[in-house]
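Numbering (UniProt numbering), first residue to last: 1 to 239.
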Amino acid sequence: MEGAAAVTTFGVLQLTNTSTNVICHAFFPSSIPSLLPVNKTISFSTTLVFQILKSATSSSGSHGLGFTFSPTKITPSPGCCPYLGLFGRENNGNFSNHVFAVEFNTARGFGFFTDEIHVGIDINSIVSVSSASPSYYDNTTNSNVNLDFLQGDPLEAWIEYDGVSKDLNVMLASLNVAKPSKPLISYATDLSNVFKENMYVGFSASIGTQPNSHYISGWSFHVNGEAQALDLSSLPFPQ
């Protein structure tokens with residue numbers, strides 16, 4: 001872990017606190033093999049429960065958090081706060097980054113964001129190749145339900161990549177809502193052009209002048225199979 005990232009006494013991974021202009025990283029300690037023979041990419045599945053809380057002095061969102069693959073445990077570069085701690089002014093958009101992320105962004109007023117508050121797929125750049133406003137498909141009512149990251153409610157996300165078909169699907173929902181049968185984002189991409197032989201997997205978050213706290217209450221990850229479902233009733237939450 002790096003920056004303000006820490007596990008609280010309640011067992012929650014806190015990526016950022018009420019400080020301003022900081023970045024934080026929390027990666028699984030060991031890298032994982034990410035390319036199969038002949039440059040074929042692994043398939044992976046992950047689910048996480050996260051929560052974004054504004055401080056009493058914050059009037060808006062401030063950047064956000066991302067689930068990420070990186071060839072290194074990312075070293076901060078100058079001006080990296082608006083880039084979720086994943087990139088910087090000098091390397092944003094470089095193919096040599098070999099960074100993939102799904103971002104949950106709450107920033108406003110930055111020209112490189114397609115939407116103000118959004119879920120985005122980032123490949124070597126903070127400029128998302130595909131994005132959508134946060135919402136989920138309700139399997140019961142067959143309708144879309146809008147979400148607001150800044151409400152402070154815990155949310156669950158599912159991210160699934162098929163290394164054979166090259167399909168990436170991202171789902172989002174309120175806590176205790178069944179996994180949506182329709183993805184929020186479905187995007188075809190060949191990650192063999194992004195991944196190196198071994199990659200680190202984890203989370204990155206950043207905040208600017210508006211102090212927000214980013215929490216991960218539960219995380220499940222699996223390579224070449226489906227991630228184990230989280231036992232929501234046993235998860236810790238910020239106090």
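Where is the CB? At the ideal position from N, CA and C, for every residue including glycine. All of these numbers come straight from a predicted model, not from anything done at the bench.
What distance in whole Å lies between the Cβ atoms of residue j and residue i, which are believed to be in contact at a cut-off of 8 Å?
{"i": "PRO180", "j": "ASN124", "result": "That belief does not hold up - the Cβ atoms of PRO180 and ASN124 are roughly 28 Å apart, past 8 Å."}
{"i": "MET171", "j": "TYR136", "result": "7 Å"}
{"i": "LYS53", "j": "SER204", "result": "A small fix is needed here, since residue 53 is Leu in this sequence, not Lys. That pair is no contact at about 18 Å."}
{"i": "PRO236", "j": "SER213", "result": "About 14 Å; that fails the 8 Å criterion."}
{"i": "LEU175", "j": "LEU155", "result": "7 Å"}
{"i": "ILE126", "j": "LEU84", "result": "6 Å"}
{"i": "SER34", "j": "MET199", "result": "4 Å"}
{"i": "LEU48", "j": "PHE28", "result": "No, LEU48 and PHE28 are not in contact; Cβ-Cβ is about 13 Å, not under 8 Å."}
{"i": "SER130", "j": "ILE117", "result": "Wrong, their Cβ atoms sit about 16 Å apart, outside the cutoff."}
Using the three-state DSSP reduction, which class does residue i fall into: helix, strand or coil?
{"i": "GLN228", "result": "coil"}
{"i": "PHE237", "result": "coil"}
{"i": "LEU150", "result": "helix"}
{"i": "VAL194", "result": "coil"}
{"i": "PHE95", "result": "helix"}
{"i": "PRO33", "result": "strand"}
{"i": "VAL7", "result": "strand"}
{"i": "VAL12", "result": "coil"}
{"i": "VAL38", "result": "helix"}
{"i": "ALA178", "result": "coil"}
{"i": "ASN142", "result": "coil"}
{"i": "GLY163", "result": "coil"}
{"i": "ASN124", "result": "coil"}
{"i": "SER70", "result": "strand"}
{"i": "PHE28", "result": "coil"}
{"i": "LEU86", "result": "coil"}
{"i": "SER133", "result": "coil"}
{"i": "HIS118", "result": "strand"}
{"i": "SER43", "result": "coil"}
Starting from residue i, trace the beta strand (DSSP E) in both directions and tell me its first and last residue.
{"i": "GLY202", "result": "198-207"}
{"i": "LEU168", "result": "167-174"}
{"i": "ASN212", "result": "212-223"}
{"i": "GLU103", "result": "100-105"}
{"i": "ILE185", "result": "185-188"}
If you compare alpha carbons, which of the options is closest to residue i?
{"i": "THR46", "options": "CYS24, GLY64, LYS40 and PHE69", "result": "PHE69"}
{"i": "VAL201", "options": "HIS214, HIS222 and LEU184", "result": "HIS222"}
{"i": "PHE44", "options": "LYS196, ALA227, ILE126 and LEU235", "result": "ALA227"}
{"i": "LEU232", "options": "ILE23, SER131, GLN239 and VAL177", "result": "VAL177"}
{"i": "PHE104", "options": "THR141, SER206, GLY218 and GLU90", "result": "SER206"}
{"i": "THR157", "options": "THR141, LYS73, LEU65 and VAL129", "result": "Looking at the sequence provided, one finds Ala at residue 157 rather than Thr. It is LEU65 whose Cα lies nearest to the Cα of ALA157."}
{"i": "ALA197", "options": "GLY11, ALA26, THR9 and ILE32", "result": "For clarity, residue 197 is Glu in the given sequence; the question names Ala instead. Of the candidates GLY11, ALA26, THR9 and ILE32, the one whose C-alpha sits nearest the C-alpha of GLU197 is ILE32."}
{"i": "ASN94", "options": "GLU160, ASN142 and ASN193", "result": "ASN193"}
{"i": "SER143", "options": "ILE126, ALA132 and LYS182", "result": "LYS182"}
{"i": "HIS63", "options": "LEU15, LYS73 and LEU48", "result": "LEU15"}
{"i": "PHE50", "options": "ALA107, THR8 and TRP219", "result": "TRP219"}
{"i": "THR72", "options": "ALA107, GLU90, THR106 and ALA26", "result": "ALA26"}
{"i": "ASN146", "options": "ALA173, SER234, VAL12 and THR9", "result": "ALA173"}
{"i": "ALA229", "options": "GLN239, ILE159 and PRO238", "result": "ILE159"}
{"i": "ILE23", "options": "VAL12, ALA6, PHE10 and GLU90", "result": "ALA6"}
Checklist entry - Between the region 117-137 and the region 95-104, do three or more beta carbon pairs fall short of 8 Å? => result With the rule of 3 Cβ pairs closer than 8 Å, the region 117-137 counts as touching the region 95-104.
Next on the checklist: For the pair the region 144-156 and the region 33-40, tell me if three or more CB-CB distances fall below 8 Å.
Outcome noted: These segments do not touch.
Checklist entry - Would the region 162-171 and the region 184-193 be scored as touching if the rule is three or more Cβ pairs under 8 Å? => result yes
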